[in-house]
Each structure stands twice: as C-alpha cells, then as structure tokens.
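Colleague: What follows is a single structure, and I will ask about it in a moment.
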Amino acid sequence: MTQAQNIPVTIVGGYLGSGKTTLINNLLRHADGKKLAILVNEFGELPIDADLIEAEEGDVISLSGGCVCCSYGNDLTSAVMDVAQMQPTPDHIVLEASGVALPGAIASSLSLLNNCSLDGIVVLADAETVKSKSTDKYMSDTIMRQLTDADIVLLNKIDLVASEDLHATREWLNGCSNNASIIETKHSTAPIAVVLQDFERQSQPLDSGAPQHVDQFHTYKLDMEKSVDPKHFAEELIANTPGIVRAKGFVRDKSGDLKTVQIVGKRFAISESPDNVECGMVVITVQP
Amino acid sequence: MTITIFSARKIITMNPARSNTTHVAIRDGHVLGSGSLEELAGWGDYVLDETFKDKVIMPGLVEGHSHAMEGTLWKYTYVGFFDRMDPHGKVWSGVKAIGEVLARLKESEAKLSDPDAPLPAWSLDPIYFDNERVTRQDLDKVSETRPIGVMHASGHILNVNSKALELAGLLKTGIDHPGVPLGEDGLPTGELKGPDVMTPVGVHVGFDRDMLSCDEEGLIDFAKLCVRTGVTTATDLAARLPDDAVAMMSDVTGRDNYPARIVPLRFHHGVTPVDLIEHVLKLKELSSDRLRLGMIKVVVDGSIQGFSARIRWPGYYNGADNGLWYISPEQLREIINMSLEKGIHIHTHTNGDEATELVLDCMEEGLRQYPSLDHRFTLQHCQLADRAQFRRMAKLGMCVNLFANHHFYWGDEHYNLTVGPERALRMNACATALENAVPMAIHSDAPITPLGPLFTAWCAVNRLTASGRTQGESEKISVADALYAITLGAAYTLKLDGEIGSIETGKRADFAILEDDPESIAPEKLRDVKVWGTVQDGRIFSAADL
Ligand SMILES: [Zn+2]
Chain A
25 MTQAQNIPVT IVGGYLGSGK TTLINNLLRH ADGKKLAILV NEFGELPIDA
75 DLIEAEEGDV ISLSGGCVCC SYGNDLTSAV MDVAQMQPTP DHIVLEASGV
125 ALPGAIASSL SLLNNCSLDG IVVLADAETV KSKSTDKYMS DTIMRQLTDA
175 DIVLLNKIDL VASEDLHATR EWLNGCSNNA SIIETKHSTA PIAVVLQDFE
225 RQSQPLDSGA PQHVDQFHTY KLDMEKSVDP KHFAEELIAN TPGIVRAKGF
275 VRDKSGDLKT VQIVGKRFAI SESPDNVECG MVVITVQP
Chain B
902 MTITIFSARK IITMNPARSN TTHVAIRDGH VLGSGSLEEL AGWGDYVLDE
952 TFKDKVIMPG LVEGHSHAME GTLWKYTYVG FFDRMDPHGK VWSGVKAIGE
1002 VLARLKESEA KLSDPDAPLP AWSLDPIYFD NERVTRQDLD KVSETRPIGV
1052 MHASGHILNV NSKALELAGL LKTGIDHPGV PLGEDGLPTG ELKGPDVMTP
1102 VGVHVGFDRD MLSCDEEGLI DFAKLCVRTG VTTATDLAAR LPDDAVAMMS
1152 DVTGRDNYPA RIVPLRFHHG VTPVDLIEHV LKLKELSSDR LRLGMIKVVV
1202 DGSIQGFSAR IRWPGYYNGA DNGLWYISPE QLREIINMSL EKGIHIHTHT
1252 NGDEATELVL DCMEEGLRQY PSLDHRFTLQ HCQLADRAQF RRMAKLGMCV
1302 NLFANHHFYW GDEHYNLTVG PERALRMNAC ATALENAVPM AIHSDAPITP
1352 LGPLFTAWCA VNRLTASGRT QGESEKISVA DALYAITLGA AYTLKLDGEI
1402 GSIETGKRAD FAILEDDPES IAPEKLRDVK VWGTVQDGRI FSAADL
C-alpha cells in the first residue's frame, strides 16, 4: 500500500456562521471534473445549492459531476470509511466539521484510517465576529483550539468590516494561529487549489470564481534539479517563504529516490512518490 | 370485563392517602382501587388471585435513563468485575483478575466454529485490577487468528488483540494519536481510547458501528431484563429512530406478550433543529400504549471519566484539558426555544457543570420568550451540579435525573482523579435536589451500569463507592425518597405520573412483584430485595417463566 493511493481529506472547520457551507458550494462549483465527496455534520437549511443536486437518498445526496454529499451525525469515522469505499472512488474528501468540533482531533483520528490521508485543515473565521466570539463564556477555548489547529485560516466576510478593524483582527489572528497561513476572503471565495491540494492545476492561474481575489496569490515553480534532504528542504522552504500557503511536488533525496513533498501552512508530509514523475515543486503564496 | 383482585403480604401504593394496603383490584389493565378485600368487593364480581399472597407489591418501577441496547450486548461475552444477570436470568459471576478475563474469553472462543469469526466481549474495568491494563499480547493468548475486542464498562475504551489491529491496518509503528498508546516495540498496545479510534477497529471485532442501535432480539431481551428487575416502563435514551427502527419497535412492543412500556427519545445529532422538531412531531403520532414517542434527547457534552465532560473552573483535578461540546449554544437555544413553543419535551445530557450551566442559561432565556408552566425539561446525569444550579433548576421548573449508580462504580476514580475529593462529594446530589424541590429521578444508564432500580435506590441511599467508602454523607437520601424516585419521580420526568408510578384508582396496573419488603429491609440491604417479576398492564410476567 503506497501513500499515493490514499484519498486526500481536507477538514473544513470553523464556528457557526463563518461561511463553511458557502465555501463547500464554491468548491463544488469549481470542482471541474474532480469527484469530491462532501461530508457534513447535518443536512438542512440546504448545505448544498439546489441546482447542484441530482438525487437525494437517505443520508446521501448525489451531485452533478460525480460528486456526493453525505451527513455523518455523530459517527464521523464510520462515514469517512464508508465514503472511501464508494464506487467510483472519490478524488478528494472534504469533511465539514461541526461548529463546535476540534479539527485537530478529527485529523488525528483520520491518521488511523488506512485509505485516507490528511490534506490540510482549513478553518474559517468570520472577520466580524471571531474576535468577540473568542471571549465567549462557553465557546472561548473551543474557538481558540479551532484556530490553533488550522493550517490555513480563511478570514472571511472581510467586506463587512472596516479596514482598521480588519487589520486589528488580522494581527490578533496572527498571534493565535501561528501555524496557519491567513487568507482574506469575501463570500468564502478561496481558489480550490488553495483549499484542496491540486497539483496538476497549480501551474495554471488560480480560478476562484472571484477574480478580484486571485491577485493576492502567487504561484511559482522550483525545478529541484539537485538532490536534497526532503525533510530539511521542506522545513527551510516553510521558514524562508513568507505567506506560503501550499506547496507540492517531487524531489530527489540523497540516495537518489524520488519523494513527494506536500506542504500546507506550516505542516508538511513526505511520502514515496508515484512512478513516472519529474522533479519540481509548485509553491503558492499569499500576499499579506 | 373481569375484575381480578390480587392479595399480597403488603402493597406499597405510593398513594399517601393509604400508603400500605393488602389487596388491589384491576380491570382492563387499570387499577380499580387498592385497599381491603371488603372495600374492593364493592366493585362487583371478581376473581381473587392469590399468586402474590406472600409477596410485596409496589408500583412498577420506572427507569428514566436506560438504553435498550443492554439487551443486545448480552450476545457478547460478559467480562465485568461485578456479578450481573443476563436476560435469561443467568447470573454471570464477576471476573476478578486479568487471568480470569482471559479464561472466560477462552471458554467463549472454544464455542465458535467459524475460525475467522470475531470474539467481542464487554464491561471490562481494569480500575478494579489495580489499573493493570489488558494488552494485545494477553488477548493473543486467547487467539492469534481471530479478532478479539473487549469493550470497557464505561464504553470509552476498547482492548483488542494483534489480529484485530492487523485487520484494521494498525499493527504498525509510527502511529501518533493520543488515543492509541504504544508499547516499547513502538506498536500499539491494543488499547484504543475514544469513539473515533474505537470505530475503525470495532468493526473488525464484531461491535456494531452504531452502538446505540438495538435490534429486534435485543429489544425483546431488554424487556426480559425489565421483568427481572421489576421495571414496567423504561426509556431508550436515545436513538436516531429512522422509519425502519420505529416500525420494528412498534411491532415488537405491540405483541401480546411484550412486558414493558418503552419510551424512546430522538437523539439530536445529524439533523438541523428544524428537521429534528419536524421528525419528533411525526414520531409523536406513531406512539402506542407500549411505545411512547415524541421526546428529544440533546447531548451537550461528553463524560467525566472520559474527560470529555465540560466542567467549570478549575477544571479537571488531574489537569486534563476541558472536554468537548457536542452542540453549539446557538443550536441548543434553537432546539429549546422551538420545543417550548411547540410543547415538545426535551431531556438534555449534561455531565459536567459547565454544560449544565449552559442549559440553565438557555432555559432562562427561552422561558422568557415562551413561558411554559409545565415543560418538565429534564437534566440527565447532571452529575456535577452545585447547590446554586439546583436552586436555578427549581426556579426554571426543570427536573433532574441523577446518575446514582455512577457513584458506586466510578466514585473512587472521581475522588482520586477526575474532579478531586471536594467535588466528588457533591456528585449526583440527590439530597440537594430534594431540598430544593427539584423533581428527581435516579438512573442506571444501562448498559453502562446494570438495569435495576432497586440497586440504583440502594446507591442513592448509601452512597458507597466500590472500595466501600461512603462518599458524600450529606447527599444520602431516605429509602422512602429513593423508592419515590424510582417510581413516581421517574414517571414525572416523562410526564407519565398521571398514568403510572403509583397504585391507585385509574392508574395502569403496572406492578413490581417483590419477595422482600424494601420499606422494612435494612437500608444497606436494599440492593438484595429479590424480584419475582412484574404485572404490566394487568398481565402477569414471572421472571422464572420468561
Ligand atoms: Zn445514556
């Protein structure tokens, strides 16, 4: 069993009203042939835009383009196991954590499943409310744990706050989620290649469905002709690339073997590379 | 319309106007009256039934927090520390050491003909073995070729053998998960903590994925346990209640010989508040006499011994992180408000006092918007509530169903590890509830602890822990109060106190038939009161003939 066969899972976290549902609909609209399996805590107040739905049966909704959406209630692990077994096999699983779930804990549970691998934890934060919510009598520690768990924070709904408030919120966020890249968004319109690792298309311009935001991302390629220590390389790349959001590619290690290197925020993973690949890394950064 | 009059050594009626009588007359499954034979003869021609003339009759016991899956679990091998009776009346002796656990597993192993069949077992509790843990190597001695899984009594930990780990792809090094302890060899020890870790391996050792589900056989077996423990009405708290499960439950409970009234609550998970309310309103319509639908259970936090309960400052005694919310305040508020508006009855699971506080806050807000004079929303478990919270419950018209059994099984652990000595004393504060006039029930949470309200009553009266210490002298209650809690008290939390819970004119002919008198037996012997069986809806069920 090689890493390459594992289905990547992206965990989408964040408190109620932060824009998780909108993000998921955006991903589905830009899936572009990728078969996404969406897992949501619950159906209702329709998690999926009506025009994307093809059929609904019990806990599974079939969506256009071979995508599916399932609700998992309180049994998340079983749901991921079920979805990973589906035919055709999904290309990517997007797991919407409930508003009170800790995405880090979900990520460690996923690490025990054999046919899945973590692609990253994306946490949405409502620019208007996240700071005040973080001092809530009951939810304070939950919100803070969500933000600390994140690899990428989408600071969402920035159009609803004044620029000085946005600045303050961003500064504060920098302090509390120091492992994450922070990306500012309106209407949860982050490019799919940022939210979901998508190597094949990363050399193309990023299409977020919201052109005004593409500008904040920068994509470039590293040739990687020389052999490296993959772990050391990944650590250095993260440390020396301001605004790094994601990177993926293949490098040759000191013994001449090809390795896959994947980076999201400050997290990286190294695995055996598939056959017939060329060396090179694609890096996405975000302008602060 | 035959009238039957039962004679008894003593009838405990729970009717203060005549608390003890000798005869009870029934017709059409209801009580005509209780008193002397002379008085009852006035109702007309009767048949005198003297089956119970040497027995003590009390109102059928009401279990306000149990799970029908207790019936299902008996399909698996029992390896608990305490003696426990199965649905067929066999008392399984408790196993007192790891060696005995393995010996019992070997016995079950020998009975399996399919070499690949899994061997599931349940109710292990290593705290009673000086916390010596069961390892995969131990279980490998039972079998190296078939997967074996042993569920802990708390339901929060599963021990498995190497084969089970192998099938789940976890017999490898490099696992980094707080719920998967590793041995010196870098491989998992076979102990798996928490539902997210247990599920992927559980499916290989024969544990059904949905541990809350209960099949037809399980529901039948559950009712047998009810008869053996004097229970005539029990909750199934809670399930998702999809159509096929409801159809099965309607069918089974509707059978002429089904001996219990089941009250299943709809679990809040997996649907939005709006859909939840809609589903429950539909379920209500499907209710029958022995299947009472239409209530909701909302789970707010986890468990104290699993460190997933939400507790207030200063948190866990051992410094563990605060627990988990299973619902957001917004959604809880929405469910509470809509239920108050539409007259739907909610029970909330809160173990930690922070979770309890949140429910109290939401209720206070909700009631301001939707005043409701008799909502009887019930705080289930509510183990850590302090006196101020009980005063709030009283003001808000809330009921409480305290986990008296917990105190016996895990009281020592709470004292030493989870909440520390002071708060351990106030856990499951029955006396405080009564002092503040909060309507109170007490429960087993079967299968977490065994079904048996008289045992639960004993726990609340004596507050002994498994090690024999009295924990929380000031929270002990009297036998009379405890007997009330397991009859009318629990019935009240289900809004069934007008129908059941006492023996008086007009009520259901639901009786617990006892060999001993719980009112005169020594309080410390209350758990030893023997149960002959029940009368449910006027039908006689002898435990010996099940
Ligand atoms: Zn329970």
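Each protein sequence line maps, in turn, to chains A and B. Note that the working numbering has the first sequence beginning at 25, numbered continuously upward. Note that the working numbering has the second sequence beginning at 902, numbered continuously upward. Idealized CB from N, CA, C, for every residue including glycine. Remember, predicted model here, so these are calculated numbers, not experimental data.
With a cut-off of 7 Å, does the C-beta of A:VAL124 fall near any C-beta of chain B?
Modeller: Judged by the 7 Å Cβ criterion, A:VAL124 is in contact with chain B.
Colleague: Using only Cβ atoms and a threshold of 6 Å, which residues come within that distance of a heavy atom of ligand 1? Order them by chain position.
Modeller: This criterion selects B:HIS966, B:HIS968, B:LEU1138 and B:ASP1346.
Colleague: If you reduce the DSSP assignment to three classes, tell me which class A:GLY304 lands in.
Modeller: Strand, per DSSP.
Colleague: Thinking B:HIS931 and B:ALA1445 are a contact (beta carbons under 8 Å), I'd like their distance in whole angstroms, please.
Modeller: The pair is not a contact, with the Cβ atoms about 26 Å apart (cut-off 8 Å).
Colleague: Which chain A residues are close to B:ILE1076, counting only those with a beta carbon under 8 Å from its beta carbon?
Modeller: Simply SER135 and LEU136.
Colleague: Quick one, which of B:ALA998, B:LYS1185, B:GLY1155 and B:ARG1156 has its alpha-carbon nearest B:ARG1167's?
Modeller: It is B:LYS1185.
Colleague: Buried or exposed for A:ASN300, please, with buried defined as at least 16 other CB atoms from any protein chain shown within 10 angstroms of its CB.
Modeller: Exposed: under 16 other Cβ atoms inside 10 Å.
Colleague: Would you kindly work out how many angstroms separate the C-alpha atoms of B:ARG1197 and B:ARG1234, rounded to a whole number?
Modeller: Looking at the sequence provided, one finds Ile at residue 1197 of chain B rather than Arg. Near 14 Å, if we compare the C-alpha coordinates of B:ARG1234 and B:ILE1197.
Colleague: For the beta strand (DSSP E) containing B:PRO1021, list its first residue and its last residue.
Modeller: 1020-1025 is the span of the beta strand (DSSP E), which, as asked, contains B:PRO1021.
Colleague: By how many angstroms is the C-alpha of B:SER1209 removed from the C-alpha of B:LEU1384?
Modeller: Their backbone Cα atoms lie some 32 Å apart in a straight line.
Colleague: Taking only the alpha-carbon atoms, compute the straight-line gap between B:ASP1086 and B:ARG1034 and give it to the nearest angstrom.
Modeller: Going from the Cα of B:ASP1086 to the Cα of B:ARG1034 covers about 17 Å.
Colleague: Straight-line CA distance for A:GLN240 to A:LEU179?
Modeller: So the two alpha carbons sit approximately 13 Å from each other.
Colleague: Compare the C-alpha of A:VAL185 against each of A:ARG194, A:GLU152, A:SER158 and A:LYS278 and name the closest.
Modeller: Nearest option by C-alpha distance: A:GLU152.
Colleague: Specify the secondary structure class of B:HIS1180 as computed by DSSP and reduced to three states.
Modeller: Reduced to three states, the DSSP call for B:HIS1180 is helix.
Colleague: Select from the region 1231-1250 of chain B all residues with a C-beta closer than 8 Å to any C-beta belonging to chain A, and list them in chain order.
Modeller: Listed in sequence order: GLU1231 and GLN1232.
Colleague: Do B:MET1328 and B:VAL1386 count as a contact pair if the criterion is CB distance below 7 Å?
Modeller: The question names Val, yet the displayed sequence has Ala at residue 1386 of chain B. In this structure, B:MET1328 does not lie closer than 7 Å to B:ALA1386 by Cβ.
Colleague: So, does the region 1351-1370 of chain B touch the region 1311-1329 of chain B, judging by three or more C-beta pairs under 8 Å?
Modeller: Enough Cβ pairs lie closer than 8 Å, so yes.
Colleague: For B:ASP1097, decide whether its Cβ has a neighbour in chain A, counting only Cβ atoms nearer than 7 Å.
Modeller: Taking Cβ atoms only, chain A reaches closer than 7 Å to B:ASP1097, which makes this a yes.
Colleague: Considering only the alpha carbon of each residue, which of B:GLU940, B:VAL948 and B:PHE953 lies closest to B:LYS911?
Modeller: The residue with the shortest Cα to Cα distance from B:LYS911 is B:PHE953.
Colleague: Determine which residues share a DSSP beta bridge with B:ARG1409 and list them.
Modeller: Paired residue(s): B:HIS931.
Colleague: Suppose contacts are defined by Cβ-Cβ distances below 7 Å. Is B:PRO1021 in contact with B:VAL1106 by that definition?
Modeller: Yes, they are a contact pair.
Colleague: Can you find a C-beta in chain B that's less than 7 Å from the C-beta of A:GLY97?
Modeller: Taking Cβ atoms only, chain B reaches closer than 7 Å to A:GLY97, which makes this a yes.
Colleague: State the start and end residues of the unbroken beta strand (DSSP E) segment that holds A:SER295.
Modeller: That run of the beta strand (DSSP E) goes 291-296.
Colleague: Assign B:LEU1071 to one of three DSSP states: helix, strand, or coil.
Modeller: Note: B:LEU1071 maps to coil in three-state DSSP.
Colleague: Closer than 7 Å by beta-carbon distance: list the chain B residues that pair up with A:THR166, in chain order.
Modeller: TRP1226, listed in chain order.
Colleague: I'd like to check one pair, B:PHE1030 with B:ILE1058: are the Cβ atoms closer than 7 Å?
Modeller: No, the Cβ-Cβ distance between B:ILE1058 and B:PHE1030 is not below 7 Å.
Colleague: So for A:THR172, helix, strand or coil by DSSP?
Modeller: Here A:THR172 sits in helix by DSSP.
Colleague: For A:SER102, would you say it is in contact with chain B, using Cβ-to-Cβ distances shorter than 7 Å as the test?
Modeller: Yes - at least one Cβ of chain B is within 7 Å of the one on A:SER102.
Colleague: Would you call B:VAL1175 buried or exposed, if buried means 16 or more other Cβ atoms sit within 10 Å of its Cβ?
Modeller: It counts as exposed.
Colleague: For the region 1138-1149 of chain B, which residues have a CB atom closer than 8 Å to at least one CB atom of chain A, in sequence order?
Modeller: So the close ones are ARG1141.
Colleague: Are three or more beta carbon pairs between the region 1288-1299 of chain B and the region 1405-1419 of chain B nearer than 8 Å?
Modeller: No, the region 1288-1299 of chain B does not touch the region 1405-1419 of chain B.
Colleague: Would you identify the three-state DSSP class for B:ALA909, choosing helix, strand or coil?
Modeller: Note: B:ALA909 maps to strand in three-state DSSP.
Colleague: Could you tell me if B:VAL1181 is buried or exposed, where buried requires 16 or more neighbouring beta carbons within 10 angstroms of its beta carbon?
Modeller: That one is buried.
Colleague: With distances taken Cα to Cα, identify the nearest neighbour of A:VAL306 among A:ILE176, A:ASN30 and A:TYR244.
Modeller: Measuring from the Cα of A:VAL306, the nearest candidate turns out to be A:TYR244.
Colleague: From B:VAL1320 to B:PRO1027, what distance separates their C-alpha atoms?
Modeller: So the two alpha carbons sit approximately 20 Å from each other.
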